[in-house]
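Numbering (our numbering), first residue to last: 3 to 47.
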């Protein structure tokens, strides 16, 4: 999955390749729908 910050305030864009259960769920979301994002859950690099 690739993430980019949008020029629009408070928005980000995601590019998803359908591969497993989670990515299939994201792939089926329509453009403009809201999703929740949490993280980081572990140590950062």
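Heads up, the beta-carbon is just placed ideally off N, CA and C, and yes, glycines get one too.
Reduced DSSP secondary structure (H/G/I, E/B, other) of residue i
| i | result |
| --- | --- |
| residue 4 | strand |
Cβ distance (whole Å) where residue i is taken to contact residue j below 8 Å
| i | j | result |
| --- | --- | --- |
| residue 18 | residue 29 | 5 Å |
Proximity below 8 Å, CB of residue i to CB of residue j
| i | j | result |
| --- | --- | --- |
| residue 32 | residue 26 | no |
Residue i CB to nearest heavy atom of the ligand SAM below 7 Å
| i | result |
| --- | --- |
| residue 8 | This structure lacks the ligand SAM, and indeed carries no ligand of any kind. |
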